[in-house]
Amino acid sequence: MTALQAALLGVVQGLTEFLPISSSAHLILARAFFGWEIEPRFAVAFDVACHIGTLLAVLVYFRREVTGLAAAAVAPRAWRGPGGDAVVLRAIVIGTVPVAVVGLAAADAITGSLRTAGVAGICLAAGAAVMLAAERLRTRTRRETSLGAWEALGLGVAQASALVPGVSRSGAVLTVAMLLGLRRERAARFAFLLGIPAIMAAGARATLDLATEGIPSGGIVLMGIGGVSSAIVGYLTISYFIQSVSRRSLDPYAIYRLALAGAVFFWAAGS
Numbered sequence: 036m037t038a039l040q041a042a043l044l045g046v047v048q049g050l051t052e053f054l055p056i057s058s059s060a061h062l063i064l065a066r067a068f069f070g071w072e073i074e075p076r077f078a079v080a081f082d083v084a085c086h087i088g089t090l091l092a093v094l095v096y097f098r099r100e101v102t103g104l105a106a107a108a109v110a111p112r113a114w115r116g117p118g119g120d121a122v123v124l125r126a127i128v129i130g131t132v133p134v135a136v137v138g139l140a141a142a143d144a145i146t147g148s149l150r151t152a153g154v155a156g157i158c159l160a161a162g163a164a165v166m167l168a169a170e171r172l173r174t175r176t177r178r179e180t181s182l183g184a185w186e187a188l189g190l191g192v193a194q195a196s197a198l199v200p201g202v203s204r205s206g207a208v209l210t211v212a213m214l215l216g217l218r219r220e221r222a223a224r225f226a227f228l229l230g231i232p233a234i235m236a237a238g239a240r241a242t243l244d245l246a247t248e249g250i251p252s253g254g255i256v257l258m259g260i261g262g263v264s265s266a267i268v269g270y271l272t273i274s275y276f277i278q279s280v281s282r283r284s285l286d287p288y289a290i291y292r293l294a295l296a297g298a299v300f301f302w303a304a305g306s
């Protein structure tokens with residue numbers, strides 16, 4: 036991998052992490068389409084570095100919300116109280132459990148056999164179908180501060196499903212939240228906040244793995260380039276998506292997912 040390739044993959048990550056079109060699928064497909072060969076162990080670590088870049092973008096953009104959640108976390112009464120930050124914090128904690136369980140139980144499959152263009156294509160198409168349905172099945176008037184424990188667990192399961200390339204972390208949580216009746220823009224905000232602990236955990240695990248197994252020559256520099264470019268582009272993408280999602284449906288993203296899935300299947304059939 037060259038520095039330019041690392042920067043371009045970081046841009047892909049920053050654009051696709053916060054749009055409901057699956058960043059992991061785009062990273063896999065970009066490498067497959069352009070023939071950018073990356074050692075599998077380093078490919079996962081590089082992906083996580085790009086995710087950490089987008090994590091920084093989330094923390095900066097939602098700094099007020101994160102500060103409120105942190106204050107609620109250290110206030111014992113907040114965990115039992117009805118306050119908005121307390122409800123969101125409890126929902127995030129509950130919603131993080133499924134991704135932790137699935138990540139530990141199926142780590143080898145997630146980082147190995149499932150990271151293929153074919154799997155990404157199937158999940159892109161399936162996610163598009165659910166997204167189109169979510170836009171049409173419910174009236175959405177709720178906020179994330181009304182989420183119950185079981186609803187938070189369901190959103191956590193949706194996030195866990197996004198460990199499979201092509202599902203999309205933000206897209207899965209956003210879609211399920213809309214099916215639960217949350218307004219589109221509030222669902223998007225919660226989806227981004229819910230992803231913070233999962234991305235932190237993935238980054239910590241990849242760091243431990245790299246410390247144990249070693250980093251390829253030049254790997255740190257390439258990971259840094261990818262992380263920085265994904266952070267900058269990610270921040271701009273969050274700003275755009277939060278403003279646009281309150282006014283526009285998710286249909287264009289669903290159509291894009293279907294078109295990309297079709298391109299994947301066409302490419303796979305001809306290769």
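For the sequence shown, my numbering assigns the number 36 to the initial residue and increments by one for each residue that follows. Idealized CB from N, CA, C, for every residue including glycine.
Asked                                                                                                                                                                             : Found
What residue does the alpha helix (DSSP H) around glutamate 52 start on, and which one ends it?                                                                                   : No alpha helix (DSSP H) contains glutamate 52, which DSSP labels as neither H nor E.
So is glutamine 194 buried or exposed if we call it buried at 16+ other beta carbons inside 10 Å?                                                                                 : buried
Mapping DSSP to helix, strand and coil, what is leucine 94?                                                                                                                       : helix
Just verifying my parser: in three-state terms, what is the DSSP assignment at arginine 177?                                                                                      : strand
Say the cut is 7 angstroms; is the CB of arginine 178 nearer than that to a heavy atom of the ligand GTP?                                                                         : With respect to small molecules bound, the structure shown includes none, and the ligand GTP cannot be examined in it.
For alanine 84, count the other beta carbons within 10 Å of its own beta carbon; 16 or more makes it buried, fewer makes it exposed. Which is it?                                 : buried
Strictly by DSSP, which residues pair up with leucine 217?                                                                                                                        : Arg177
How about the region 45–60 and the region 155–173: do they share at least three Cβ pairs that are nearer than 8 angstroms?                                                        : yes
Is DSSP giving leucine 64 helix, strand or coil here?                                                                                                                             : helix
Check whether the region 177–184 touches the region 220–231, counting contact only when three or more Cβ pairs, one atom from each stretch, lie closer than 8 angstroms.          : yes
Given a cut-off of 8 angstroms, decide if valine 268 and glycine 49 are closer than it, judged by their beta-carbon atoms.                                                        : yes
Assuming the contact rule is C-beta atoms closer than 8 angstroms, leucine 198 and valine 132 should be a hit. Round their C-beta distance to whole Å, please.                    : Actually they are not in contact, since the Cβ atoms of leucine 198 and valine 132 sit about 14 angstroms apart, beyond 8 angstroms.
Going by C-alpha to C-alpha distance, which of Phe276, Ile260, Gln40 sits closest to alanine 65?                                                                                  : Gln40
If we count the other Cβ atoms within 10 Å of its Cβ and call it buried at 16 or more, is isoleucine 290 buried or exposed?                                                       : exposed
Taking its Cβ as the centre, do 16 or more other Cβ atoms sit within 10 Å of alanine 163, making it buried, or is it exposed?                                                     : buried
Count the other CB atoms within 10 Å of the CB of aspartate 120; is the residue buried (16 or more) or exposed (fewer)?                                                           : buried
Using the rule of at least 16 other Cβ atoms within 10 Å of the residue's Cβ for burial, across every protein chain shown, is alanine 80 buried or exposed?                       : buried
If I measure Cβ to Cβ from arginine 259 and keep anything under 8 angstroms in the same chain, skipping five residues before and after, which residues do I get?                  : The residue asked about is misnamed: residue 259 is glycine in this sequence, not arginine. Closer than 8 angstroms at the Cβ level, and outside the excluded window around glycine 259, lie Ala84.
Judging by CA-CA distance, which residue of Ser265, Gly216, Gly130 is the nearest neighbour of threonine 174?                                                                     : Gly216
From Val208, Ala296, Gly238, Ser281, pick the residue whose C-alpha is nearest to that of alanine 187; which is it?                                                               : Val208
Can you tell me whether isoleucine 255 is buried or exposed? The criterion is at least 16 other CB atoms within 10 Å of its CB, across all chains shown.                          : exposed
By the 10 Å Cβ neighbour count, where 16 or more other Cβ atoms means buried, how is serine 281 classified, buried or exposed?                                                    : exposed
Which residues in the same chain as serine 264 place their Cβ atom closer than 6 angstroms to its Cβ, once the five residues preceding and following it in sequence are excluded? : Ala42, Gly45, Val46
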